[in-house]
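Enquirer:
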Amino acid sequence: MSPDIFSVAGSIPSSCLHDIFRAAQTQEERTGTEVVKLHVGEPYFHPSDAVAEAFIDAVRRGDTKYTGPEGLTPLREAVVDKLRADNAVDTEFSRVLISPGSCQGLAALMQSLAEPGAEILLPELHWPVHLQQSLLAGFRPVLYPLGPDFRPDPEAIAAVATPRTRVLLLNSPANPSGVTLDPEVLAAVLDLARRRGWHVISDEAYEHFCYEDEHVSVASLERDVPVDERIVHSVFTFSKSFAMTGYRLGYIALANDRAADVMKVVQEANVIGTSTPVQHAGIAALHGRADAAATNRKLVQRSRDVALSPLIEAGLLSELPAGGWYAMLDVSRTGLDAETFAMRLLARTGVAVVAGNGFAMRPDLDDRGRLRSFGYAPWARHLIRIAFCVDPAQLELGVQRLVEFVDECDGDGQRHGIHS
Ligand SMILES: Cc1ncc(COP(=O)(O)O)c(C=O)c1O
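Following this line, the structure appears as structure tokens:
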């Protein structure tokens, strides 16, 4: 018999994303029918030919050796140009690190900032991976309340912070709410973090998917601050803007030189370096970025505008998300909790969505940072997340079936009293 695992990792359950992913896969295997997949943020559009060619050329000419933990210099230089021109972030390539996906970049960043007993502030509605990464890095996550519109409020953040708080995480445009943060909110939160001596992690994976206002990088608000005093570490990805999900490529713009040096050590230990041909593909993506990002944003925006309207008419969505790839629906009128709703919808209609309570987990930790138990925020009980970056025909079909299912549940509810 193998020994039991009492580590922090051993105490973390799989996320709601993983659970529905598995359930959808099992259903496809069992029924032989393809599921309508509204549960994953996988775009229906593809990277440009130039990206594929740069990757293949690098492989063909044998440019396949290790790079250092910081990544290829020409890619880091291209990142600096992009950050200056598009994000108003003033940095140098010495403070930019390439990572195999921004998920890995975030995990490494948390590892490089974690100290025993230190707390990280996460939004109470968050991407579950942020919570998993915080725990694995050794942080004690503390969830900060959001307003009714899922926006952070500096006073509410200050109220849950403690002397052990080290890091505040921001995610705009947000997964799963689609909320985008304006410069006023960002400036107020940054001011709080600066006064309290915190680091800020800014996850900007969906930077190119803002439908109402321009994206604002919080690091742009400290461009006039001396580099040594900067506190914002910004994390970006090629997955969303350029549909390069399976290439696994992201980058981190560290606030200052010390943080960049620490990250190099963490990345050496974690990955040695990022795939070299993939980095060449990244250079090509950045060269063609203006066209690709604008085209991809328009595609997703069209889907949002066309396919999500029936959800508003059905009273399941209050307004179109301002950014990102996801919409949070409120299915409380069915009387079903989110997990039951997601499982029944999948079984009866073949549409996969994610139960929203999994984005609002409330962990209870023991003194060694392991999960002793967990619950969910009660207000998330009837929330469902759907991805609208998927094939428009599939999206329309999925939305149609979902609305019909809700109507049927209403009928069931009246017949069987499930609203009680
Ligand atoms: C908020 C957020 N950050 C980061 C990522 C990670 O993306 P990747 O690792 O593909 O760069 C995702 C992926 O879904 C995400 O939703």
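In short: position in the sequence shown from 1, add 11, done, that's this note's numbering.
Using N, Cα and C, we set each Cβ at its ideal position, and we do this for glycine too.
Taking one C-beta from the segment 241 to 253 and one from the segment 214 to 233 each time, how about it: are there three or more such pairs within less than 8 Å?
Expert: The segment 241 to 253 makes contact with the segment 214 to 233, as at least three CB pairs between them are under 8 Å.
Enquirer: Is the closest heavy atom of ligand 1 to the C-beta of Ala-216 under 7 Å?
Expert: Counting from one through the sequence shown, the residue named residue 216 turns up at place 205. Ala-216: yes, Cβ under 7 Å from ligand 1.
Enquirer: For Tyr-77, count neighbouring C-beta atoms within 10 Å of its own C-beta (all shown protein chains included) and say buried if the count is 16 or more, exposed if not.
Expert: Indexing the sequence shown from 1 puts residue 77 at position 66. Label assigned to Tyr-77: exposed.
Enquirer: Consult DSSP for Gly-428 and reduce its assignment to one of helix, strand or coil.
Expert: Locating residue 428 in the sequence shown gives position 417, counting from the first residue. With a pLDDT of 38 at Gly-428, under the threshold of 50, the predicted position of this residue should be treated as unreliable, though the coordinate-derived value follows. Gly-428: coil per DSSP, three-state reduction.
Enquirer: In the DSSP assignment, what are the bridge partners of Leu-28?
Expert: Here residue 28 refers to the residue found at position 17 when the sequence shown is read from its first residue. None, per the DSSP bridge assignment.
Enquirer: In whole angstroms, what is the alpha-carbon distance linking Ser-188 and Arg-71?
Expert: Mapped onto the sequence shown, residue 188 falls at position 177. Mapped onto the sequence shown, residue 71 falls at position 60. Rounded to whole angstroms, Ser-188 to Arg-71 spans 42 Å at the Cα level.
Enquirer: Do you know how far the Cα of Ala-69 is from the Cα of His-291?
Expert: For this step, residue 291 is matched to residue 280 along the sequence shown. For this step, residue 69 is matched to residue 58 along the sequence shown. Rounded to the nearest angstrom, the two C-alpha atoms are 7 Å apart.
Enquirer: Report yes if the CB atom of Pro-7 is closer than 8 Å to the CB atom of Gly-149, and no otherwise.
Expert: Outside the displayed range of the chain (12 to 431) lies residue 7, so it cannot be described from this structure.
Enquirer: Relative to ligand 1, is the shortest distance from any of its heavy atoms to the C-beta of Gly-284 smaller than 7 Å?
Expert: Stepping through the sequence shown from its first residue, residue 284 is reached at position 273. Checking the Cβ of Gly-284 against ligand 1 gives no.
Enquirer: Could you spell out where the beta strand (DSSP E) holding Phe-247 opens and where it closes?
Expert: For the purposes of this step, residue 247 is identified with residue 236 of the sequence shown, where counting begins at 1. Its beta strand (DSSP E) spans residues 243 to 248.
Enquirer: I want to see whether chain C comes within less than 8 Å of Thr-37, judged by CB atoms only; does it?
Expert: No chain C is present in this structure, which holds just one protein chain.
Enquirer: With distances taken from CA atoms, which of Ala-349, Pro-134, Val-178 and Ala-199 is nearest Ala-185?
Expert: As a first step, residue 185 must be located in the sequence shown, where it is residue number 174. Checked all of Ala-349, Pro-134, Val-178 and Ala-199; the closest Cα to Ala-185 is Pro-134.
Enquirer: Considering only residues of the segment 25 to 99, which uninterrupted alpha helix (DSSP H) runs meet the minimum length of 4 residues and lie entirely inside it, listed in chain order?
Expert: 27 to 42, 60 to 71 and 84 to 98
Enquirer: Within 7 Å: the Cβ of Cys-114 and any heavy atom of ligand 1?
Expert: Against the sequence shown, residue 114 aligns to sequence position 103. Correct: Cys-114 has its Cβ closer than 7 Å to ligand 1.
Enquirer: Quick check on this structure: which residue in Ala-333, Gly-386, Thr-360 and Phe-385 has the alpha carbon closest to the alpha carbon of Asp-160?
Expert: Your numbering for residue 160 matches position 149 in the sequence shown. Cα-wise, what sits closest to Asp-160 is Ala-333.
Enquirer: In this structure, how does DSSP classify Gly-257 when only helix, strand and coil are distinguished?
Expert: Numbered from 1 along the sequence shown, position 246 holds the residue referred to as residue 257. Gly-257: helix per DSSP, three-state reduction.
Enquirer: Starting from Glu-324, trace the alpha helix (DSSP H) both ways and give me its first and last residue.
Expert: Reading the sequence shown from its first residue, position 313 is the one you call residue 324. Here the alpha helix (DSSP H) through Glu-324 covers 320 to 324.
Enquirer: Which residue's Cα is closest to the Cα of Pro-54: Asp-30, Phe-399, Val-171 and Leu-179?
Expert: Numbered from 1 along the sequence shown, position 43 holds the residue referred to as residue 54. Selected option, being the one with the closest Cα: Phe-399.
Enquirer: Take Lys-93 as the anchor and find which of Arg-241, Met-12 and Gly-293 has the nearest alpha-carbon.
Expert: Within the sequence shown, the letter at position 82 stands for residue 93. Out of Arg-241, Met-12 and Gly-293, Gly-293 has the C-alpha closest to the C-alpha of Lys-93.
Enquirer: Roughly how many whole angstroms lie between the Cα atoms of Leu-181 and Met-12?
Expert: As a position in the sequence shown, residue 181 is number 170, starting the count at 1. As a position in the sequence shown, residue 12 is number 1, starting the count at 1. Roughly 43 Å between the two C-alpha positions.
Enquirer: Should Pro-24 go down as buried or exposed, given a rule of 16 or more other Cβ atoms within 10 Å for buried?
Expert: If you number the sequence shown from 1, residue 24 lands on position 13. Classification of Pro-24: exposed, given that the 10 Å Cβ count is below 16.
Enquirer: So within the segment 169 to 249, which uninterrupted beta strand (DSSP E) runs reach at least 3 residues, ignoring any that extend past its ends?
Expert: Counting only runs that start and end inside the segment 169 to 249, the beta strand (DSSP E) elements of at least 3 residues fall at 176 to 182, 210 to 214 and 243 to 248.
Enquirer: For Leu-108, which residues does DSSP report across the bridge?
Expert: Position 97 of the sequence shown, counted from the first residue, corresponds to residue 108. Paired residues: Ile-263.
Enquirer: Going by the C-beta, is Ser-59 closer than 7 Å to any heavy atom of ligand 1?
Expert: Looking up residue 59 in the sequence shown gives position 48. It does not: the Cβ of Ser-59 is nowhere closer than 7 Å to a heavy atom of ligand 1.
Enquirer: Can you give the Cα-Cα distance for Gly-428 and Gly-346, rounded to whole angstroms?
Expert: Position 417 of the sequence shown, counted from the first residue, corresponds to residue 428. Position 335 of the sequence shown, counted from the first residue, corresponds to residue 346. With a pLDDT of 38 at Gly-428, under the threshold of 50, the modelled position of this residue cannot be trusted; read the value that follows with caution. For Gly-428 and Gly-346, the distance between alpha carbons rounds to 9 Å.
Enquirer: For Val-246 versus Leu-201, is the C-beta spacing smaller than 8 Å?
Expert: Start at 1 with the first residue of the sequence shown, and residue 246 comes out as number 235. Start at 1 with the first residue of the sequence shown, and residue 201 comes out as number 190. Result no, Cβ atoms of Val-246 and Leu-201 do not sit closer than 8 Å.
Enquirer: May I ask you to verify whether the segment 387 to 398 touches the segment 362 to 379, counting CB pairs closer than 8 Å and requiring at least 3?
Expert: yes
Enquirer: Within this structure, are the beta carbons of Thr-287 and Thr-75 separated by less than 8 Å?
Expert: For the purposes of this step, residue 287 is taken as residue 276 along the sequence shown, with counting starting at 1. For the purposes of this step, residue 75 is taken as residue 64 along the sequence shown, with counting starting at 1. Going by C-beta atoms, Thr-287 is nearer than 8 Å to Thr-75.
Enquirer: Would you kindly check if the distance between the Cβ of Tyr-258 and the Cβ of Val-90 is under 8 Å?
Expert: Position 79 of the sequence shown, counting from 1, holds the residue named residue 90. Position 247 of the sequence shown, counting from 1, holds the residue named residue 258. Going by C-beta atoms, Val-90 is not nearer than 8 Å to Tyr-258.
Enquirer: Apart from the five residues on each side of it in sequence, which residues of its chain come closer than 7 Å, Cβ to Cβ, to Phe-385?
Expert: Taking the sequence shown and counting its residues from 1, one reaches residue 385 at position 374. Around Phe-385: Met-372, Arg-373, Pro-374 and Asp-375.
Enquirer: If I measure Cβ to Cβ from Ala-318 and keep anything under 7 Å in the same chain, skipping five residues before and after, which residues do I get?
Expert: The residue you call residue 318 lines up with position 307 of the sequence shown. Cβ within range, chain order: Phe-399, Pro-403, Leu-406, Glu-407 and Val-410.
Enquirer: Which residue or residues does DSSP assign as beta-bridge partners of Gly-409?
Expert: Along the sequence shown, read from residue 1 onward, the residue named residue 409 stands at position 398. Looking at the DSSP assignment, Gly-409 forms no beta bridge with any residue, so it has no partner.
Enquirer: Is Ile-294 helix, strand or coil by DSSP?
Expert: Numbered from its first residue, the sequence shown carries residue 294 at position 283. Ile-294 falls in the helix class under three-state DSSP.
Enquirer: Which word fits Glu-233, buried or exposed, when buried means at least 16 other C-beta atoms lie within 10 angstroms of its C-beta?
Expert: Numbered from 1 along the sequence shown, position 222 holds the residue referred to as residue 233. Counting Cβ neighbours within 10 Å, Glu-233 comes out buried, since at least 16 surround it.
Enquirer: So what does DSSP say about Ser-145, is it helix, strand or coil?
Expert: Within the sequence shown, residue 145 is the residue found at index 134, counting from 1. In the structure shown, Ser-145 sits in a helix (DSSP, three-state: H, G or I).
Enquirer: Span of the alpha helix (DSSP H) holding Glu-350?
Expert: Locating residue 350 in the sequence shown gives position 339, where the first residue counts as 1. Segment 349 to 360, the alpha helix (DSSP H) holding Glu-350.
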